[in-house]
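What follows is a set of notes on a single structure, which appears directly below.
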Amino acid sequence: MESLSLNLALYSPEIILSITLGFVLIVHMISKSNLFTFLTALVGLVSAGGASIAIQSFAPQFFFAGQLSHDPFSLFFKLFFITATFFTFLFSYRSYEIDEERGAEFYLMTLAVTVGMCTLVSSINLLSLYLSLELVSIVSYALAGFRKEHPASNEAAIKYLLYGAFASGTMLWGLSLLYGFTGSLNIYSINATLSTNSLNPLALYSVVLMVLFGFGFKISSVPFHMWAPDVYHGAPTPTAAFFTVAPKAAGFAIFIRFFYTVFGNNSGLPDQWITLPHVDWAFLMSILSAITMTLGNLCALWQKNAKRMLAYSSIAHAGYMLMGFIVLSKEGLTSILFYLVVYFFMNFGAFFVVGLLANKTKDEEISSFKGLGWTSPWVAFSMAVFLFSLTGIPPFAGFIGKVYLFSALVQKEIYWLLVVAILNTVISLYYYTYIVREMFLERPTSDKPLLISPLHTFTLILLVIPTFVLGLSWEPLFKYISNSLQFIVTP
Amino acid sequence: MLFNFITDHLLTWIVFLPILGMGAILFLPKDKPNLIRWTSAFFTFLSFLVSLQLCWSFNRAEAGLQFVEKMAWIPTFNIHYYVGCDGLSITMILLTTLLSFLCIFASWGIKEGVKGYFLMFLLLEAGMLGVFVSLDFFLFYIFWELMLLPMYFLIGIWGGPKKEYAAIKFFLYTLFGSVLMLIVMLSFYFYSEPHTFDLIELAKPGILKVKDLNIFGIALSVVDFKKVLFILLFIGFAIKVPVFPFHTWLPLAHVEAPTPISVILAGVLLKMGAYGLLRISFPILPQETYWFSYALAILGLINIIYGAFCAMAQLTLPQEKGGNDWKKLIAYSSINHMGYVLLGMAVFTTEGINGAVFQMFNHGLTTAMLFLLVGVVYDRVHHRRLDGFGRELFTLVPLSVLILLFGVYPMPVLNLMKASLDSLLTLLQAS
Chain B
326 MESLSLNLAL
336 YSPEIILSIT
346 LGFVLIVHMI
356 SKSNLFTFLT
366 ALVGLVSAGG
376 ASIAIQSFAP
386 QFFFAGQLSH
396 DPFSLFFKLF
406 FITATFFTFL
416 FSYRSYEIDE
426 ERGAEFYLMT
436 LAVTVGMCTL
446 VSSINLLSLY
456 LSLELVSIVS
466 YALAGFRKEH
476 PASNEAAIKY
486 LLYGAFASGT
496 MLWGLSLLYG
506 FTGSLNIYSI
516 NATLSTNSLN
526 PLALYSVVLM
536 VLFGFGFKIS
546 SVPFHMWAPD
556 VYHGAPTPTA
566 AFFTVAPKAA
576 GFAIFIRFFY
586 TVFGNNSGLP
596 DQWITLPHVD
606 WAFLMSILSA
616 ITMTLGNLCA
626 LWQKNAKRML
636 AYSSIAHAGY
646 MLMGFIVLSK
656 EGLTSILFYL
666 VVYFFMNFGA
676 FFVVGLLANK
686 TKDEEISSFK
696 GLGWTSPWVA
706 FSMAVFLFSL
716 TGIPPFAGFI
726 GKVYLFSALV
736 QKEIYWLLVV
746 AILNTVISLY
756 YYTYIVREMF
766 LERPTSDKPL
776 LISPLHTFTL
786 ILLVIPTFVL
796 GLSWEPLFKY
806 ISNSLQFIVT
816 P
Chain G
378 MLFNFITDHL
388 LTWIVFLPIL
398 GMGAILFLPK
408 DKPNLIRWTS
418 AFFTFLSFLV
428 SLQLCWSFNR
438 AEAGLQFVEK
448 MAWIPTFNIH
458 YYVGCDGLSI
468 TMILLTTLLS
478 FLCIFASWGI
488 KEGVKGYFLM
498 FLLLEAGMLG
508 VFVSLDFFLF
518 YIFWELMLLP
528 MYFLIGIWGG
538 PKKEYAAIKF
548 FLYTLFGSVL
558 MLIVMLSFYF
568 YSEPHTFDLI
578 ELAKPGILKV
588 KDLNIFGIAL
598 SVVDFKKVLF
608 ILLFIGFAIK
618 VPVFPFHTWL
628 PLAHVEAPTP
638 ISVILAGVLL
648 KMGAYGLLRI
658 SFPILPQETY
668 WFSYALAILG
678 LINIIYGAFC
688 AMAQLTLPQE
698 KGGNDWKKLI
708 AYSSINHMGY
718 VLLGMAVFTT
728 EGINGAVFQM
738 FNHGLTTAML
748 FLLVGVVYDR
758 VHHRRLDGFG
768 RELFTLVPLS
778 VLILLFGVYP
788 MPVLNLMKAS
798 LDSLLTLLQA
808 S
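In the order they appear, the protein sequences are chains B and G.
Going letter by letter, the first sequence gives residues 326 to 816 in this note's numbering.
Going letter by letter, the second sequence gives residues 378 to 808 in this note's numbering.
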């Protein structure tokens with residue numbers, strides 16, 4: 326049974342995560358202490374991370390009978406999700422929104438989402454793809470409604486559920502049509518059939534749109550974004566931070582893998598793709614990208630609630646990242662992955678500071694930031710770093726991320742989208758500085774500094790430093806990401 | 378040994394001394410404002426000293442770049458830490474270090490948030506100096522943007538009554554300009570063969586191979602596309618200069634900023650736009666700049682006339698209508714003076730450029746001093762109404778005011794006269 330053990334080895338990050346999931350429950354039952362549960366979850370995550378680093382030495386291959394693919398692309402994302410979950414746990418510990426006695430529930434559900442995402446990014450079969458996507462979605466609905474006593478949280482859960490069910494239903498329909506057309510569930514065989522047999526373009530186009538519904542929902546691109554502000558606003562802040570980063574990245578990962586493999590072909594040049602004839606989804610997505618960023622930014626301008634503002638900003642950032650998606654080149658994909666990493670630090674960081682403040686004020690209104698720069702300069706400084714980085718101002722990492730996205734566009738000479746993106750950058754400065762203004766330009770109402778635990782201080786430092794360092798020296802990360810883009814393995 | 382280490386990397390030292398100063402201040406206790414002030418004075422003074430040394434060892438007989446340092450920064454993107462200076466930048470470096478040093482003393486009156494203030498101030502100085510020494514477009518851009526952050530805070534926190542509006546307006550305006558510059562920067566990179574951000578390399582003929590462009594079926598020939606690139610770049614710089622339609626942020630920012638920051642704004646920041654035109658537009662897109670020179674001259678004229686009229690209006694307009702403000706008067710006169718700089722550049726002769734650079738330096742010095750004086754007067758009488766001073770002004774600031782005022786309104790003997798004259802004479806020659 327050599328191959329079984331190999332398959333299991335390649336699946337070890339997910340297995341470890343699932344075991345941790347069980348252990349979290351057991352430890353919580355025995356010890357009744359949140360601390361032990363928390364530590365168990367962290368240990369599990371670290372070992373899953375270690376496992377996904379260790380299995381990098383295996384050659385890229387398909388496993389579990391061609392259901393999943395082991396390649397640098399999925400490993401990159403697995404590490405990404407595990408890190409994101411790790412930070413979410415650090416964030417959630419002693420958060421006012423996560424009750425002590427319900428900590429285990431929180432860890433359990435978040436870990437389940439992580440398992441789902443890890444499987445999702447390596448799926449190359451419609452069945453495993455759909456199943457793992459549903460694992461991510463269904464647990465997310467519960468997570469969004471985690472604050473049972475809070476009406477906004479309940480509203481978030483039900484909205485998420487209804488919208489999500491609709492989206493995945495539509496996608497499932499698209500997938501089943503795809504199966505009907507091609508007679509295969511494997512994305513490579515589907516692509517082979519689609520590119521040799523000429524299908525009715527209208528039918529193919531509708532399939533693309535239906536599938537797009539599901540993925541667009543995950544990455545919260547317009548017009549599938551309506552759920553996002555309410556869900557991010559209603560969900561507990563650690564979960565909201567997690568949602569804006571991890572499932573979005575998972576959405577992007579599978580979006581890239583699916584569209585580039587199924588609806589795209591190598592153009593003959595190395596690292597360049599072309600869309601299937603008659604189905605110019607790249608152009609469609611470029612329009613969606615322009616609308617997504619513009620709408621996200623314009624809506625964020627009016628927000629008075631920090632969480633809601635960041636929710637809209639995360640929609641805008643999905644729009645930015647789509648710019649890398651539509652250029653159909655390796656540079657574009659590299660820039661998306663790079664941006665995701667940078668976006669993780671800055672966006673998660675911004676949510677983290679909002680959460681820290683909310684632990685004290687019990688709400689996330691921007692007005693509660695008033696004078697933070699005078700009472701707790703370091704926290705406010707970190708927040709300013711995250712916000713300016715989100716705007717894309719050097720010397721922070723966000724700028725470099727944007728430069729790569731923009732340069733992918735310049736390389737393909739898609740200047741109209743570049744101009745839209747650049748105007749959006751300027752618009753976004755206005756609302757990001759709104760918080761900065763409250764923090765530094767306004768004087769505090771009381772002199773009491775914000776008290777944060779050493780653990781949270783440590784987390785904050787872990788988030789700020791990369792936001793700085795990646796803005797000054799990003800070569801190693803960039804090289805790593807460049808190497809992670811071999812997601813098309815030949816069986 | 379140590380001396381050699383300094384002299385080999387003069388430019389790096391000039392730029393990074395203020396940043397070292399930031400590091401030092403960071404560890405100083407908050408409740409010892411004087412210590413913080415003197416530390417920042419020390420570091421700006423060091424930077425000034427090094428820049429004097431730079432001027433001393435600068436070989437005037439030699440054309441081209443000196444004190445060049447080049448180091449790979451991001452090899453995969455071909456970005457270098459590439460600094461160097463020539464006659465143009467050395468003037469600006471000297472101006473910057475001198476004014477920064479003086480402004481530290483003008484900042485002595487800042488009582489609130491002293492630590493933050495000086496941290497931001499030093500960061501601002503490093504950003505400005507970085508712009509003047511960078512020879513790599515990417516590095517240039519980073520420094521260019523690096524200035525925005527401290528400027529926003531310096532105006533926004535320590536400014537006058539409308540500081541928030543002034544700060545965000547400045548920020549939005551200049552960010553808009555610089556993102557347009559970003560487009561040009563990236564296009565330069567991808568159209569150059571081999572791909573490079575090196576400003577010297579890009580200026581060599583044949584490196585930049587711009588291609589025809591087709592946007593939604595509308596064809597854009599190489600010539601037109603290069604013109605578009607020039608215009609984008611020009612808007613980026615014009616906002617900083619500021620050239621006529623983009624000038625509205627300037628009076629506001631000048632008036633609301635605290636005195637030392639007004640000095641820096643007028644003295645150094647305005648020069649950056651003109652410097653950028655001379656450093657980037659002229660060498661890299663010479664034909665397009667030439668094509669634009671008439672427009673540039675006209676814009677310069679508008680700046681001169683419009684700025685002068687606006688400054689004059691300060692004398693007649695009552696305070697309620699936004700007039701009668703000494704600082705605003707100087708701000709508008711800066712617009713007027715930058716018009717001469719543009720005019721000098723637009724004539725495309727050696728004398729014209731010389732005059733423009735000379736004017737840049739002189740305007741930097743005189744206007745800066747005027748702002749300082751206004752600051753001194755304001756500290757004592759707490760208003761800036763032009764009609765609010767009688768004879769007592771003479772008892773406050775006797776002769777120096779007059780000398781400076783006449784320096785701004787070109788009088789023979791005084792330095793600005795020479796510069797303005799240079800610009801005008803060459804214009805006559807050219808026409």
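Glycine included, each C-beta is placed from N, C-alpha and C at the ideal position.
My assumption, with CB atoms under 8 Å, is that residue i sits in contact with residue j. Please give the rounded CB distance.
i	j	result
residue 369 of chain B	residue 345 of chain B	3 Å
residue 395 of chain G	residue 503 of chain G	4 Å
residue 593 of chain G	residue 658 of chain G	No, residue 593 of chain G and residue 658 of chain G are not in contact; Cβ-Cβ is about 28 Å, not under 8 Å.
residue 736 of chain G	residue 714 of chain G	7 Å
residue 506 of chain G	residue 641 of chain G	Actually they are not in contact, since the Cβ atoms of residue 506 of chain G and residue 641 of chain G sit about 12 Å apart, beyond 8 Å.
residue 402 of chain B	residue 566 of chain B	Between residue 566 of chain B and residue 402 of chain B the Cβ distance is about 18 Å, and since that is not below 8 Å, they are no contact.
Note the first and the last residue of the continuous alpha helix (DSSP H) segment covering residue i.
i	result
residue 728 of chain G	727-758
residue 817 of chain B	The structure shown has nothing for residue 817 of chain B, since chain B only spans 326 to 816.
residue 795 of chain B	779-797
residue 689 of chain B	Careful: residue 689 of chain B lies outside any alpha helix (DSSP H) and carries neither H nor E.
residue 705 of chain G	703-723
residue 526 of chain B	526-544
residue 424 of chain B	Taken as a continuous stretch (DSSP letters only), residue 424 of chain B belongs to no alpha helix (DSSP H), as it is neither H nor E.
For the beta strand (DSSP E) that contains residue i, what are its first and last residues?
i	result
residue 600 of chain B	598-600
residue 386 of chain B	386-388
residue 589 of chain B	589-591
residue 457 of chain G	456-462
residue 395 of chain B	393-395
residue 590 of chain G	590-592
residue 448 of chain G	443-451
residue 596 of chain G	595-597
Is it right to say residue i is buried, meaning 16 or more other beta carbons lie within 10 angstroms of its own, or is it exposed?
i	result
residue 789 of chain G	In this prediction, residue 789 of chain G scores a pLDDT of 41, lower than 50, which makes its location untrustworthy; the coordinate-derived value is nonetheless stated afterwards. Classification for residue 789 of chain G: exposed.
residue 741 of chain B	exposed
residue 665 of chain G	buried
residue 775 of chain G	The pLDDT assigned to residue 775 of chain G is 49, lower than 50, so where the model puts this residue is not dependable; a value taken from the coordinates is nonetheless given after this. It is exposed - the Cβ of residue 775 of chain G has fewer than 16 other Cβ atoms within 10 Å.
residue 698 of chain B	buried
residue 757 of chain G	exposed
residue 572 of chain G	exposed
residue 814 of chain G	No answer is possible for residue 814 of chain G: it lies beyond the span of chain G, which begins at 378 and ends at 808.
residue 432 of chain B	buried
residue 525 of chain G	buried
residue 448 of chain G	exposed
residue 396 of chain B	buried
residue 794 of chain B	exposed
Given a cut-off of 8 Å on the beta-carbon distance, is the pair residue i and residue j in contact?
i	j	result
residue 714 of chain B	residue 671 of chain B	yes
residue 602 of chain G	residue 587 of chain G	yes
residue 599 of chain G	residue 589 of chain G	yes
residue 552 of chain G	residue 761 of chain B	no
residue 523 of chain G	residue 719 of chain B	yes
residue 747 of chain B	residue 559 of chain G	yes
residue 463 of chain G	residue 442 of chain G	yes
residue 412 of chain B	residue 673 of chain B	yes
Residues of chain D with a CB under 9 Å from the CB of residue i: which are they?
i	result
residue 641 of chain G	No chain D appears in this structure, whose protein chains are B and G.
Indicate, with yes or no, if the ligand MN has a heavy atom lying under 7 Å from the CB of residue i.
i	result
residue 579 of chain G	Of the ligands one can find in the structure shown there are none, so the ligand MN has no counterpart to examine.
- prompt: Using a beta-carbon distance cut-off of less than 7 Å, what residues from the region 733-752 of chain B approach chain G?
  reply: Cβ contacts with chain G: 735, 736, 738, 740, 741, 743, 747, 750 and 751.
- prompt: Which residues, in chain order, does the region 524-544 of chain G contribute to contact with chain B at a C-beta distance below 8 Å?
  reply: Cβ contacts with chain B: 525, 526, 529, 530, 533, 534, 540, 541 and 544.
message: For the region 507-522 of chain G, list every residue whose C-beta sits within 9 Å of some C-beta in chain B, in sequence order.
response: Those would be 515, 518, 519, 520, 521 and 522, in chain order.
field: Against chain B: residues of the region 548-561 of chain G by CB proximity under 8 Å
entry: Contacts with chain B (Cβ-Cβ distance below 8 Å) from the region 548-561 of chain G involve 548, 549, 552, 553, 556, 557, 559 and 560, listed in chain order.
query: Got a sec: which bits of the region 378-404 of chain G sit with their beta carbon under 8 Å from any beta carbon on chain B, in order along the chain?
result: If you check each beta-carbon in the region 378-404 of chain G against every beta-carbon of chain B, none falls closer than 8 Å.
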